[in-house]
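Number of protein chains: 2
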Amino acid sequence: MINIAVMGYGTIGSGVVKVIDINGESIAKKVGEELNVKYVLDLRSFPGDPIEEKVVHDVDIILNDPDVKIVVETMGGVKPAYDFVKRALLAGKSVATSNKELVAKHGTELLEIAQEKNINFLFEASVGGGIPIIRPLNQCLTSDEIYEITGILNGTTNYILTKMAKEGAEFDDVLKQAQANGYAERNPAADIEGFDACRKIAILSSLAYGSMVDFEDIHTEGITNISAVDFKYAAKLGRSIKLFGTSKKKDGKYFALVAPVMINENHALFAVNDVFNGILVKGNVVDQVMFYGRGAGSLPTASAVVADVIEAAKNLNNNMMKPWKAEKLALSDISEDTKKFFVRISGVAEDKKAEVEAAFGDAEYITIDGLEEFAIITPVMSEAEYKAAAAKVDGIINMIRIEE
Amino acid sequence: MINIAVMGYGTIGSGVVKVIDINGESIAKKVGEELNVKYVLDLRSFPGDPIEEKVVHDVDIILNDPDVKIVVETMGGVKPAYDFVKRALLAGKSVATSNKELVAKHGTELLEIAQEKNINFLFEASVGGGIPIIRPLNQCLTSDEIYEITGILNGTTNYILTKMAKEGAEFDDVLKQAQANGYAERNPAADIEGFDACRKIAILSSLAYGSMVDFEDIHTEGITNISAVDFKYAAKLGRSIKLFGTSKKKDGKYFALVAPVMINENHALFAVNDVFNGILVKGNVVDQVMFYGRGAGSLPTASAVVADVIEAAKNLNNNMMKPWKAEKLALSDISEDTKKFFVRISGVAEDKKAEVEAAFGDAEYITIDGLEEFAIITPVMSEAEYKAAAAKVDGIINMIRIEE
C-alpha cells in the first residue's frame, strides 16, 4: 500500500479522491500496490463526506509522517502551495500538482529539489487538464528539436469565443452566461485577460526549449476587445478567432505571445471548440502533432493528477524529469516578429484606400453590407512595422493577428 | 557512448540514422551520452552512403556484439524480423521497432521476454507514425478505465478518401494518382483492404484493455466499395467518410471493427484529413482525448523510433512496459453491436417507402437530384437486425456505418 496525501479538497482535489475510488482496482494493478489516501489537507471540515476522518488542518501532520510517500497539491495559487510543496519535496515525498501558477513561478527550483532527492515533481495536470502533454514533451518528442508550441490553453475563453462565433453574441453577454452556468469564474480576469494561458505557455515553452521561460516576459493580450463584428468578418473569411498561447524559435530567436488570433480551417487547432483545449507541437523531424481534450473539469484534470501519482508510485526512487535550465530563456521583443494582421477601420473602403495603401501597401479588403467600416488583411510585416503603419491611418477599430 | 544497430535501411531505417545525425547533440543531452549507430543490417550495400562502412549482412555480428545495447528494427514483416528481434532481446539488447505486423503477431511474447530480462521492447512508431500514442496509453492515461479507442490509422486510405471528398473523383482514379505520387504502394491491398489499420487497432486495444487482442479476430472491411456517389450523400448530410479502426467496451462486451464510417462535424476525428492520422481515446474519467499528426513518412516515423531509443537508453536496466495478458481478449461478434446505418437503395424513394419502412422502420430519407437511387439512415439497430432488414429490401447498393 502506498500512502498519499491530498492538499486542497476543492474541484480537482475531490476529483483525485474520486478517481482513486472509482478506478482503484485497475490503478493498483498498474502500480503493483494499492493507493491509499491517508490525509486530506483543507481549512474546511467535510462532515458526512467519506473523507471526513482523513481531514487535517495542519500540514505538518503530513510532512512529518514518513508513511506518506506522495503528496498531491491541488490548492492552487502560490501561497501557501509553494511552501508546502517545497517542504514536502525536501522531506523526500514526491509531489503531483495541477497548479500552473506554482509551476510557472517556482517549477525550476522544485524540479531541481526533486532531482537532488531522486524523487519526482510532476505537473501533467497544470496544462491542458486531462490531455497528456507534459509527459509526451518530456518522454516522447525527445528526438525532435521543437521549434513551435501553440495551444488553445484556456477552456473558459474558448467557450466564450465559440459561443460568440455560433450565436453572433457580444462578449459581455456570453461572459455573463458563462458565469451563470459555471464555465467562468465570478472574477474572470485570469481567464479573459490571458493570464492563465500565459502561465501555461510559459510551462510548455520551458519544457520544449529546455530553459526557464518567465511568464512575466510574455506579451499577453486577452479577449475582451473581441466583438460580434469581428466574428462577422471571421465568418466571411472562413476563419475562426481563438485565444492562442504560442512560442516559437525563428531564425535563432525565441518569441512568445498570448493573444487572440484568426486562423483558417487548415490550422490543426481550427476545430478545437467549446471548453476543449488543443496543443500543437512542431518539431524538425516529427513535423506536427496535436493533442486535444478537456482542459478543465474535476475528473478530467484529476485523471492527469492521478496518472502522475501512478508514475510517482512506480518510480519512488527514480527521478524522471530533468529540470530545465534555471537560466532564463531570452525572449525577443514581439515587435520583431512578422505576420499578417486583420485590421478593422471605420469609414468607407473606397474613400480610404489611398490612405490605407500608403500605410500598409497592398492589402486584402473585406466589406460587410450595412457596416460603416471595412477591414483589411495586411501583407506580412513585423509588429513594429504594423504599429508604424497603423499610426498613419485614422479610425482603426481593432486588430487581430493572423496565424497560418 | 551507447551503441545501437539499425536492422533494415529502408524508408524508416534511413530516417532513424538521419534523425540521430541531425539532432544528435540535443539527443545526447537528454540521454546523458552520445548515441552511436555502430551497425546497419541490410541485404543491400550502400556505396557512397555515409553508413557504407557500417553495413553488415549477417545479423549475428550484431547479436554477438556486447557493445550493442539497443537494436532498432525497421525491416517490416514478420520474417525474419521476429527471429532477429527475439534473439536480440534474449541477448539482453533492448529493441525499438516500427513494425506493426511484428507487434500485432508477437508483441505479447516479446514484451514478456523484455520484462524477464529487465530491458525494453518499445514500439511507439508501430501505430500512428510520429504521433505519441503508445507511451501516453502506457504512462499517461493510466488512471482511466479506457472504454473506447478509435483511430484514423492509415494515411494512404485517408489520403484517398480526402481526395474523393474534395474532388468528387472515383476510388480507382484516386488510387492510381496516389500510387503515381508515392502515397500508395504498387500492391495497395494492405492499406485499402484495412489490414494495416486492423493490426494497429489490435495493438492499441491490447494496450488499452490489458489483454491480447488478436488482429485475426477483428471484422475488417476496406474502402474499395466507397464511390463518388457515397461522397455526394455525405456532402449533403454534412458528413465525411473515414476508415476507422475502432474497439470499445459496451455493457461488459468488447467489440472491434475496421470499416469505413460516416461521421459528422462534431466527431473529434472529423477534421483529420489527407495523410494525417488521428487517434481518439475515451476513458471513464478523462472523457476524451485525441492525438493527431503524421501517421507515416520517413522522418516523422523515425522520430518516434528514436524517441523509443532515447527512453531505452535512459532505462537500460529498467523495464517500462508491462506485457498485456497473454490470454486473448474475447471479442463479441459485431452482429450484436448497435448503431445507425447509411444505406443506398436503387429506385425511387416514394415507390419503395412501404418496402423500406416494413424492413427498417422509421428511417431518414436522402435524395439527390439526377440519381436513380436514394438513401436512408436507419434507426439504431444491431448489425444482425440490419442484415435481416436489408435482406427484405431489393436493390441495396451500399451500406456505410454511422459513428456518432
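First to last, the sequence lines map onto chains A and B.
So for the first sequence, our numbering puts the first residue at 1; every next one is plus one.
So for the second sequence, our numbering puts the first residue at 1001; every next one is plus one.
Every residue gets a Cβ at the ideal spot worked out from N, C-alpha and C, and that includes glycine.
Taking 8 Å as the threshold, the shortest C-beta distance from B/ASP1021 to chain A does not fall below it. A/GLU404 is outside the set of residues whose beta carbon lies under 8 Å from a beta carbon in chain B.
For A/PRO136, at least one C-beta of chain B is nearer than 8 Å to its own C-beta. The three-state reading of DSSP puts B/HIS1106 in helix, counting H, G and I together. At a cut-off of 8 Å between beta carbons, A/GLN115 makes no contact with chain B. Listed by position along chain A, the residues whose Cβ is nearer than 7 Å to that of B/GLN1288 are GLY293.
The beta carbon of A/VAL286 sits closer than 7 Å to the beta carbons of LEU141 and ASP144 from its chain, once the five residues preceding and following it are set aside; these are given in chain order. Taking 8 Å as the cut-off, the Cβ atoms of B/ALA1388 and B/PHE1360 do not count as close. By the C-beta density criterion, A/LYS105 is buried, having at least 16 other C-beta atoms within 10 angstroms. For A/ARG239, the secondary structure class from DSSP, reduced to helix, strand or coil, is strand. In this structure, B/GLY1128 is the residue among B/LYS1253, B/LYS1392, B/GLY1128 and B/MET1381 with its C-alpha nearest to the C-alpha of B/VAL1272.
Contact with chain A is found for B/GLU1124, since one of that chain's Cβ atoms lies less than 8 Å from the residue's Cβ. Along the segment 142-157 of chain A, the positions whose C-beta sits under 8 Å from a C-beta of chain B are THR142, SER143, ASP144 and GLU145, read in chain order. Beta-bridge partners of A/GLY194 (DSSP): none assigned. Considering only beta carbons, the part of the segment 1309-1325 of chain B lying closer than 7 Å to chain A consists of ILE1310 and GLU1311, in chain order. If one requires a minimum length of 3 residues, the beta strand (DSSP E) runs lying completely within the segment 130-211 of chain A are 146-152, in chain order. Following the DSSP letters along the chain, one finds A/PRO300 inside the alpha helix (DSSP H) bounded by residues 298-314.
B/ASP1042 is positioned such that its CB atom lies closer than 8 Å to that of B/TYR1009. Given a length threshold of 4 residues, the segment 251-275 of chain A has no whole run of the alpha helix (DSSP H) inside it.
DSSP places B/ASP1287 within a strand segment (E or B) once states are collapsed to three.
Among the residues facing chain A, B/GLY1252 is not included, as its CB has no counterpart in that chain under 8 Å away.
The beta carbons of A/GLU34 and A/MET1 sit closer together than 8 Å. In the DSSP assignment, B/ILE1027 falls outside any beta strand (DSSP E) and lies within the alpha helix (DSSP H) extending over 1024-1031. Rounded to the nearest angstrom, the Cβ distance from B/LEU1063 to B/ALA1096 is 16 Å, too far for a contact under 8 Å. Pairwise C-beta distances place the segment 1228-1240 of chain B out of contact with the segment 1193-1209 of chain B, as fewer than three of them are shorter than 8 Å. Shown in chain order are the members of the segment 1268-1287 of chain B whose Cβ falls below 8 Å from a Cβ of chain A: ALA1268, PHE1270, ALA1271, GLY1283, ASN1284, VAL1285, VAL1286 and ASP1287. According to DSSP, A/ARG344 shares a beta bridge with A/ALA375 and A/ASN398. Taking C-alpha positions only, A/SER211 is separated from B/VAL1037 by approximately 29 Å. The Cβ atoms of A/ARG294 and A/VAL281 do not sit closer than 8 Å to each other. In this structure, the straight-line span from the alpha carbon of B/LYS1248 to that of B/GLU1404 is close to 13 Å. Close CB contacts of A/PHE231 within its chain, under the 6 Å cut and outside five residues either way in sequence, are with MET164 and ALA165 (chain order). Distance from the CA of A/PHE270 to the CA of A/PHE255, rounded to the nearest whole angstrom, comes to 22 Å. B/ALA1178 places its beta carbon less than 8 Å from that of B/ILE1160.
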